[in-house]
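Asks: Protein chains in written order, with my numbering: chain A, 288 to 502; chain B, 8 to 246.
The beta-carbon is built from N, C-alpha and C at its ideal position, and this holds for glycine as well.
Mind having a look at this structure? Questions to follow.
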Amino acid sequence: MPETLTIDALQQWLHRFASEITTQADWLTELDSAIGDADHGTNMVRGTAAVVAKLDGGTTGTVQELLKAVGITLVSTVGGASGSLYGTFFLEMGRNTPSDVQLNGSELENALHAGVNGVIARGHATVGDKTMIDALEPAVTALSQSLADGRQLQGSIADAATAATIGRDSTKPLVARKGRASYLGERSAGHIDPGAASAAILVAALAATIGEGRA
Amino acid sequence: MIGIVLVSHSEALANAAMELALQMVHGAQPPIRIAAGAAGGFGTDATAIASAIDDLATTEGVLVITDLGSAILSSSLALEIRSSTYQALISDGPFVEATTAAVVGATAGSSLADVAAEASNALNAKRTQTVTGPGASVPENTDSENPAASAEERLINPMGLHTRPAALLVQTAGEFSADIELTNTTAGRGPVSASSVIGLLSLAASKNDQLRIDANGPDASRAVNAVKRLVIQGFGELS
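Structure, rendered in structure tokens:
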């Protein structure tokens, strides 16, 4: 596959994210009912469906414009902390991409790092706080490591998805220190964090999209 | 006058807090917008908060007051995505108390920085009364030396110096250029600024407590007389 991600591929990523979220909505909500307010699946389905409607509704121009539109749509439709954090992720990605209709490997890497750093700055969470950062931070670290090791973009994104899954599962024994689950204290241990679960879906959807591009 | 944006997970909660706070002021009211709920349920929405801030475009700055959890997170994103550029601050004060302090402060014409400080300190009044809190901390005020005018008067209000008379006192103090301070000499609390409703509440002044009024400035004696008259008349509560 080419070492670039076109705006079409980015749109495919978002479509795939939306359909995976829909498929796994009940599981996300189940996770959230253990340590939250049992609406993460519903909220993410609503938000990603709005993104798909936005994509289907009209032209998006550059990668920057696409990512900004996705971010604002998620902020206004997901609701609560998840909406602000996913919105920040895409807004920061958009702010840190060249004004173009495609991204090369290092541009994608930079944009993803900027997105994750934006989420960290917004939510003041770090790895181990039992949040989406536990999936996202290892993912972008693995991506950079693999690219630095000379792996192709496709393989590097696959490594990122693996790291996100491991990071997601690492939240299970943790006690939440951020977000509403933190009010539960010790009782939050023993459950995967729903935000880390949806974040792992986001990275897996990117890996699947790029993997498909090669076929 | 500064503007106020109330950010809450619940529209009913925000409306009630606003109504409660507006009980404290008479006449002109500060511009207030509510950004509450998300996607038809409980939650906060950064785009709605950004619109609320932008909607207050003619004001001298905006104080954003938040309730639980994601309200601060959404508000900080809202400050980035709003289209207006005038100053806006997010308060760390408790929702109901900060809303009350901000409405009173804004009505009295205080600056954004002053109102933000009032809202941030809004727990102090409660702390002076609670028996389970981390300890009372009455704000220490300085510069009470050499008052140009002063007087002492006994508080006659059965409920003491509670929020409504305190708000009236702040409004009255705002009419003078002199710095006015009150001390509860009976309880040994103060002096506190008469322009701070939270400070006044922290005096925890009860009926029959002796209040000392100090003023420093060109219209000090008129200011002292005006405040003294309020105290003597029981802040209009006894008629």
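Out of B:Gly48, B:Ala124, B:Val111 and B:Ala23, which one is the CA nearest neighbour of Ser98 of chain B?
Replies: Taking only the C-alpha atoms, the option nearest Ser98 of chain B is B:Ala124.
Asks: Can you give me the Cβ contacts of Ile9 of chain B inside the same chain, cut-off strictly under 7 Å, excluding the 5 residues immediately before and after it?
Replies: Answer for Ile9 of chain B: Pro37, Thr66, Glu67, Gly68, Val69, Leu70, Ala113, Leu119 and Val122, listed in chain order.
Asks: Have a look at Ser151 of chain B and Asp221 of chain B and give me their C-alpha separation to the nearest angstrom.
Replies: At Ser151 of chain B the pLDDT is 44, less than 50, meaning the model places this residue with poor confidence and gives no usable figure here.
Asks: What residue does the beta strand (DSSP E) around Gly10 of chain B start on, and which one ends it?
Replies: Counting along the chain, the beta strand (DSSP E) containing Gly10 of chain B begins and ends at Gly10 to Ser15.
Asks: Could you please tell me which residues of the segment 22-52 of chain B, in chain order, have their CB closer than 9 Å to any CB of chain A?
Replies: Taking 9 Å as the Cβ-Cβ cut-off against chain A, the residues of the segment 22-52 of chain B that qualify are Gly44, Ala45, Ala46, Gly47, Gly48, Phe49, Gly50, Thr51 and Asp52.
Asks: Starting from the C-beta of Leu423 of chain A, find all residues in its chain whose C-beta is less than 6 Å away, skip the five residues before and the five after it, and write them out in chain order.
Replies: If we look at Leu423 of chain A and ignore the five residues flanking it on each side, its Cβ neighbours are Val403 and Ala486.
Asks: Compute the beta-carbon to beta-carbon distance between Val32 of chain B and Ala174 of chain B, rounded to the nearest angstrom, for a pair I have assumed lies under 8 Å.
Replies: Indeed, because the Cβ distance is near 7 Å, the residues count as touching under 8 Å.
Asks: Quick one: complete beta strand (DSSP E) runs, 3+ long, within the segment 25-103 of chain B?
Replies: Those beta strand (DSSP E) runs which fall completely within the segment 25-103 of chain B and span 3+ residues are 39-43, 69-73 and 95-97.
Asks: Using DSSP with H/G/I as helix, E/B as strand and the rest coil, what is Asn215 of chain B?
Replies: Coil at Asn215 of chain B, not helix or strand.
Asks: Classify Ala158 of chain B as helix, strand or coil using the three-state DSSP reduction.
Replies: In this structure, Ala158 of chain B counts as strand in the three-state DSSP scheme.
Asks: Give the C-beta separation of Phe183 of chain B and Ala230 of chain B to the nearest angstrom, bearing in mind that I take them to be a contact with Cβ-Cβ under 8 Å.
Replies: Between Ala230 of chain B and Phe183 of chain B the Cβ distance is about 4 Å, and since that is below 8 Å, they are a contact.
Asks: Is the beta carbon of Val406 of chain A less than 8 Å from the beta carbon of Leu372 of chain A?
Replies: Yes.
Asks: Quick one: grab the DSSP three-state call for Ala476 of chain A.
Replies: In this structure, Ala476 of chain A counts as coil in the three-state DSSP scheme.
Asks: Below 8 Å on the Cβ atoms is my contact criterion, and I expect Leu80 of chain B with Gly410 of chain A to pass it. Report the Cβ-Cβ distance as a whole number of Å.
Replies: The Cβ separation is near 6 Å, so the contact holds.
Asks: Cβ of Thr347 of chain A less than 8 Å from any chain B Cβ?
Replies: No, because no Cβ of chain B sits closer than 8 Å to the Cβ of Thr347 of chain A.
Asks: Going by beta carbon distance, what residues of the same chain come within less than 8 Å of Lys341 of chain A, once the five residues before and after it are set aside?
Replies: Closer than 8 Å at Cβ, skipping near neighbours: Ala356, Val357 and Thr360.
Asks: Taking the Cβ atom as the reference point for each residue, do Leu218 of chain B and Val238 of chain B lie within a distance shorter than 8 Å?
Replies: A contact, by the Cβ cut-off of 8 Å.
Asks: Are there three or more Cβ pairs, one per stretch, closer than 8 Å when the segment 463-478 of chain A is compared with the segment 315-334 of chain A?
Replies: Enough Cβ pairs lie closer than 8 Å, so yes.
Asks: Relative to chain A, which residues along the segment 175-209 of chain B have a C-beta separation below 7 Å, given in chain order?
Replies: The residues in question: there are none.
Asks: Pull up the DSSP beta-bridge partners for Asp221 of chain B, would you.
Replies: B:Ser157 and B:Glu188.
Asks: Is there a Cβ of chain A sitting closer than 8 Å to that of Thr73 of chain B, yes or no?
Replies: Answer no: the Cβ-Cβ gap between Thr73 of chain B and chain A never drops below 8 Å.
Asks: Which residues in chain B sit within 7 Å of Ile407 of chain A, going by Cβ to Cβ distance?
Replies: Those within 7 Å of Ile407 of chain A in chain B number zero; the least Cβ separation is about 12 Å.
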